[in-house]
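If you want my numbering, it's the 1-based position in the sequence shown plus 24. All residues carry an ideal CB built from backbone N, CA and C; glycine is no exception. Down below is the structure, laid out as structure tokens.
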Amino acid sequence: DTRRADAFDFRHGACQLRNETRIKTDWDSYHNNNRLRARVYEIEQWKSTLQELLDRLDVEMAALKEEKASTERELEQLNMPLLVQPHSQELCVTESNKKMLIDRCQSAWEKINKMEVVKFKLQLDLNDKTEALQIDKDMLGLDKDCANITYKTDSLKTPKRMITYDQWLEKCEATKRMAVTELQDTLRLRESLFVARGRARNALRAQTDVTNYMLRRRIYETQRARNELDWQKLKMEENMEKLNAELKTMGEQFADKVNALKVAETRLETRGYRPGIELAADEADVGLKEEVRNLRETIRQLQEKLDCAK
């Protein structure tokens, strides 16, 4: 009887142990599979984000190179006026424009080199994530029936290069911030190149007009003083009409900018009443603040112009 009782206890204990270990193993496998799926999803999301940034970086680089090429062509066109201009004032304007465009081209060249470095880092990170994603997918498909499973010498060892999840996430965020910052800087630089070309053309055209006007005045003063006076009078009247029209246009523009500022400030103030965590400094908030600052500066400049004209 004692032996039968011992045998029964042994069988019962063995059965209970088998059931408990099977259940624990199944649940451990289930949870780890879910963790692997979550990890695969997270890496895919980061990979998609970085790939999008890389594509945008390529587009911005191409656009910046085109702007740089346009600015260089503008510089080549400025070389000819330097060869034929005898008037010192016009020559100074051309030299100033040329120096400004050269500086912008230098900045664009430096930015392109920096973007190449950022692109390399993004591509390297994407390659690492692609490889890690493939490894995790392979491990997700691995089970106890696979043929390529073996005992490992020290499976619990921690690789020397291993970092914490928080460190990994911070590196991903840093890479993203770096790319976004470069994109924003590149956009501003492209805009500055465009503005610089327009400013150079306008300044040269304005100075050329001034020089031509002075030459015409000299000729008219020498040949026909009375006709020159009549022409000056007519020109002055035309300028006064243009000035009045310009003042009217600037007044309308000033009123339009004031209304636009009111809209932007109202939006910004009203969005400050968003509840809870919704009161976030999102892109809309940043954009509205930038719009308010730009409008205030524009209104100040217009007011100065109006005051100066009055």
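- Message: Do W70 and C196 have their beta-carbon atoms positioned less than 7 Å apart in this structure?
- Response: yes
- Item | Among R97, S94, E68, R212, the one whose alpha carbon lies nearest that of L150 | E68
- Cβ neighbours of V282 in the same chain (closer than 7 Å, five flanking residues each side left out): Around V282: I323.
- Message: Considering only the alpha carbon of each residue, which of A156, R229, A38, I47 lies closest to L60?
- Response: A156
- Message: Please list the terminal residues of the continuous alpha helix (DSSP H) segment that includes A304.
- Response: Taken as a continuous stretch (DSSP letters only), A304 belongs to no alpha helix (DSSP H), as it is neither H nor E.
- Message: Less than 7 Å between the beta carbons of L228 and N121, yes or no?
- Response: yes
- Query: Going by the beta-carbon positions, is the gap between F278 and L319 smaller than 7 Å?
  - Reply: No, Cβ-Cβ distance for F278 and L319 is not below 7 Å.
- contact_flag[the segment 207-222, the segment 89-100] where n(CB pairs < 8 Å) is 3 or more: yes
- Message: Quick check on the DSSP output: the alpha helix (DSSP H) that includes R240 runs from which residue to which?
- Response: 189-247
- Sequence-distant residues of its chain with Cβ nearer than 6 Å to A38 (five each side left out): none
- Query: Any chance the segment 136-149 sits against the segment 253-263, with 3 or more Cβ pairs inside 8 Å?
  - Reply: no
- Item | Helix, strand or coil at G37 [DSSP, three-state] | helix
- Measure the C-alpha to C-alpha separation of E206 and D79 and round it to an integer number of angstroms. 13 Å
- Query: Which ranges does the alpha helix (DSSP H) cover as unbroken runs of at least 4 residues, wholly within the segment 46-128, from first to last along the chain?
  - Reply: none
- Go through its chain and collect everything with a Cβ distance to I136's Cβ below 8 Å, but skip five positions before and after it. M85, L88, K89, K92
- Determine the direct distance from the alpha carbon of L193 to that of D82, and round the result to whole angstroms. 25 Å
- Task: Within 10 angstroms of the Cβ of D280, are there 16 or more other Cβ atoms? Answer buried if so, exposed if not.
- Result: exposed
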